[in-house]
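Trainee:
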Amino acid sequence: MIKVKLKSIIAESFYDAHRDIKKKLHTHYWFKGGRGSTKSSFISIEIVLGIMRDAQEEIYSNGLVIRRVKETLRESVYDQIKWAIYMLGVEDEWDMPESKLRITYKPTGQAILFRGADKVKKLKSTKVSKGWIKYIWYEEADEFENYDKIRNVNQSLMRGGPEFEVFYSFNPPESQRNWTNMEVLEERKDKFVHHSTYLTVPKEWLGEQFVIEAEHLKKVNKTKYDHDYLGAVTGTGGEVFRNVTVRNITDDEIKVFDHVKNGLDFGYAADPLAYIKCHYDKTRKRLYIFDEIVKVQLGNSKAVKLIKEKNKLNMRVTADSAEPRTISEFRKLGLNIIGAIKGPDSVEHGIKFLSEEIEEIIIDPIRCPNAKREFLGYELEKDKDGNFKGEYPDKNNHTIDATRYALERDILRFNEEKKYNDKVYKKGKGVVKKTTTDPYGRKGGTVF
Numbered sequence: 001m002i003k004v005k006l007k008s009i010i011a012e013s014f015y016d017a018h019r020d021i022k023k024k025l026h027t028h029y030w031f032k033g034g035r036g037s038t039k040s041s042f043i044s045i046e047i048v049l050g051i052m053r054d055a056q057e058e059i060y061s062n063g064l065v066i067r068r069v070k071e072t073l074r075e076s077v078y079d080q081i082k083w084a085i086y087m088l089g090v091e092d093e094w095d096m097p098e099s100k101l102r103i104t105y106k107p108t109g110q111a112i113l114f115r116g117a118d119k120v121k122k123l124k125s126t127k128v129s130k131g132w133i134k135y136i137w138y139e140e141a142d143e144f145e146n147y148d149k150i151r152n153v154n155q156s157l158m159r160g161g162p163e164f165e166v167f168y169s170f171n172p173p174e175s176q177r178n179w180t181n182m183e184v185l186e187e188r189k190d191k192f193v194h195h196s197t198y199l200t201v202p203k204e205w206l207g208e209q210f211v212i213e214a215e216h217l218k219k220v221n222k223t224k225y226d227h228d229y230l231g232a233v234t235g236t237g238g239e240v241f242r243n244v245t246v247r248n249i250t251d252d253e254i255k256v257f258d259h260v261k262n263g264l265d266f267g268y269a270a271d272p273l274a275y276i277k278c279h280y281d282k283t284r285k286r287l288y289i290f291d292e293i294v295k296v297q298l299g300n301s302k303a304v305k306l307i308k309e310k311n312k313l314n315m316r317v318t319a320d321s322a323e324p325r326t327i328s329e330f331r332k333l334g335l336n337i338i339g340a341i342k343g344p345d346s347v348e349h350g351i352k353f354l355s356e357e358i359e360e361i362i363i364d365p366i367r368c369p370n371a372k373r374e375f376l377g378y379e380l381e382k383d384k385d386g387n388f389k390g391e392y393p394d395k396n397n398h399t400i401d402a403t404r405y406a407l408e409r410d411i412l413r414f415n416e417e418k419k420y421n422d423k424v425y426k427k428g429k430g431v432v433k434k435t436t437t438d439p440y441g442r443k444g445g446t447v448f
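If you're matching positions, the sequence shown starts at 1 in full-length UniProt numbering and goes up one per residue.
#1: May I have the straight-line CA-CA distance separating Phe-448 from Asp-410, to the nearest angstrom?
#2: Near residue 485, which residues of its chain fall below 8 Å by C-beta distance, leaving aside the five closest residues on each side in sequence?
#3: Roughly how many whole angstroms lie between the Cα atoms of Pro-162 and Asn-171?
#4: Go through the stretch 110–186 residue by residue and report every complete run of the alpha helix (DSSP H) that reaches 4 residues or more, in order.
#5: Would you mind working out which of Asn-387, Asn-300, Phe-210, Lys-218 sits nearest Phe-266, comparing C-alpha positions?
#6: Mind pulling the beta strand (DSSP E) runs of 3 or more residues that sit fully within the stretch 27–99?
#7: Is DSSP giving Lys-7 helix, strand or coil here?
#8: Taking C-alpha atoms, which residue in Trp-94, Lys-124, Gly-116, Glu-253 lies nearest to Pro-107?
#9: Given a cut-off of 7 Å on the beta-carbon distance, is the pair Tyr-280 and Leu-264 in contact?
#10: Using the Cα positions of Ile-43 and Lys-203, report the straight-line distance between them to the nearest angstrom.
#11: Classify Leu-313 as buried or exposed, calling it buried when 16 or more other Cβ atoms lie within 10 Å of its own Cβ.
#12: Is it the case that the Cβ atoms of Ile-150 and Phe-144 are separated by a distance below 7 Å?
#13: Give the straight-line distance between the Cα atoms of Phe-330 and Lys-389, rounded to the nearest whole angstrom.
#14: Is it buried or exposed, Asp-118, if we count other Cβ atoms within 10 angstroms and call 16 or more buried?
#15: Go ahead and pull the three-state DSSP assignment for Val-296.
#16: Which class does Lys-443 belong to by DSSP, given the choice of helix, strand or coil?
#17: Taking the CB atoms as reference points, tell me whether Ile-103 and Ile-81 lie closer together than 7 Å.
#18: Please indicate yes or no: does the CB of Glu-253 lie closer than 6 Å to some heavy atom of the ligand COA?
#19: What does a CB cutoff of less than 7 Å around Asp-20 pick up in its chain, not counting 5 residues either side in sequence?
#20: Identify the continuous beta strand (DSSP E) that holds Phe-192 and give its terminal residues.
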C-alpha cells in the first residue's frame, strides 16, 4: 500500500506526464532535460507504481531497465529503483537482494530486471516466468549509438503482452544532429516528449549547494549553463543552418505561394533520389520547404510518376547536371526538367546563400521529415586536432542539394549582383589596385 502523497515526491512539471501514463495515452515516453530535473526519479516511481497498480488488477506485468553497458547498472538505475520503492514507503513489499540485478514484488512475483546493452543477444532473449515485460526504460539513451539499436531491442522485447510503456531518459547532447535530439522531433501518435529543468523542482530536494553551483555557472558560462542545467541543445559551433524553423505549413499558406521551385538530386546505389518542392519569398528572405520525395533504388519511370504527382502543373525541375543521360530519360518520360548550371564553387555559394542570405528556412516536419533531419543535422566536420574543416561535408545532404538546385537561378542572380556591387564599392572608395595608367589607385567616378 502506497503510504505517501505523490505530490510530495513528484515535481510539479511531471504532473501532466503522470496523468498521461496513468490514462495509458501513449507507448513511447521521451524524457529529456538538464541536471537535477528529476526525470530519472519520476520514471523510477512510475515503473514501481505501474507494477503495483497492475497487480491489484491481477495483471502480471514486469519491468526491464537498460543501460548501454552492464557495469553501470548497480550504482545507477538499480539504486534509483530502490530509491523509488523507499520513497513510496513500500520497501516491505519488495525483495531487493544486493547479490542480484533483480527486484521482486513479493505478493505476486512480478520483477524489475536490469540489463546492459553490451550483450545484445542476452538482452533480447530476456524472459520472465510470469506475465510479460510491460515497462522498459532506457536510461542515458544518448549513450546508445543510434535509435536503430534500440528499435532492434524493442522489436524483441515488445511481444506477448497487450500493452507496453517504454521510457527514454537523457540529457540532450550539444549537437543537434545527435540521434536523440533528432528523434524527439520525429512525430508519431504514440510518442510523448517531455522536457524538464531543475527550476521547477523544490530547492530543498536539490540542496542549497546544487543551486549555488548552477547559478555560478550561469554567471561565468551561460552557454554551458544552458546545456548542463537547462538541457538546451546549444550546438557545437559547427552548425551550418542556424536559420531553420520547424513547423506545420498549412494548406492555406501553400495556396498563395507564387514563387514555387522544384529541385532534384539523383540517387546512386544506396543514396536516395531526393526531390524538393519549395517557395522562396525573396522580399522577406524566407524559404518554405513543403514537399519532398526521398527514396532509394527508384526506377526512372517510377520516379517521374511520383514527381508528377507532387508537381501537377509540371513546373520546371532543376536537377543535378552530373547525369545528363538520366535527365534526357526523365524528359522523354514527360518531365519538365533541366540540368543545373554548376560553376566553380557552386556548392559553397549555394550553401552560403541558404544559410546566410535567407533569414528563415521553414520546414514542414510532417510533409518533409527528411529535409528537416538533414538541414538540422548538417554540421562542419572536425579534423584530427579538433578544429572545424574549411569545406562543407558531402554526406547526409541529399535534400540540401535538391534545394540548392531548386534555387539555382536565385543564387546565381544574387552572386552576380554581389560581384557588381563589390566592384562598384571598391572603385568608389578608392581601393582599386594601382596600375601603370593610374599609379595612385585613385577613386573611379563619383558613385559615392
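Glycine included, C-beta positions come from ideal geometry on N, C-alpha and C.
Mentor: Reading it off the structure:
#1: Confidence at Phe-448 is low in this model, with a pLDDT of 35, below 50, so its placement is unreliable and no value can be given for it.
#2: Look at the range of the chain in this structure, 1 to 448, and you will see that residue 485 is not part of it.
#3: 31 Å
#4: 120–124, 147–157, 179–183
#5: Asn-300
#6: 28–33, 61–67
#7: helix
#8: Trp-94
#9: no
#10: 20 Å
#11: exposed
#12: yes
#13: 37 Å
#14: exposed
#15: coil
#16: Caution applies to Lys-443, whose pLDDT of 46 falls short of 50 and renders its modelled position unreliable; the value that the coordinates give is listed next. If DSSP states are grouped into helix, strand and coil, Lys-443 belongs with coil.
#17: yes
#18: You won't find the ligand COA in this model; it holds no ligand whatsoever.
#19: His-26, Phe-192
#20: 191–196
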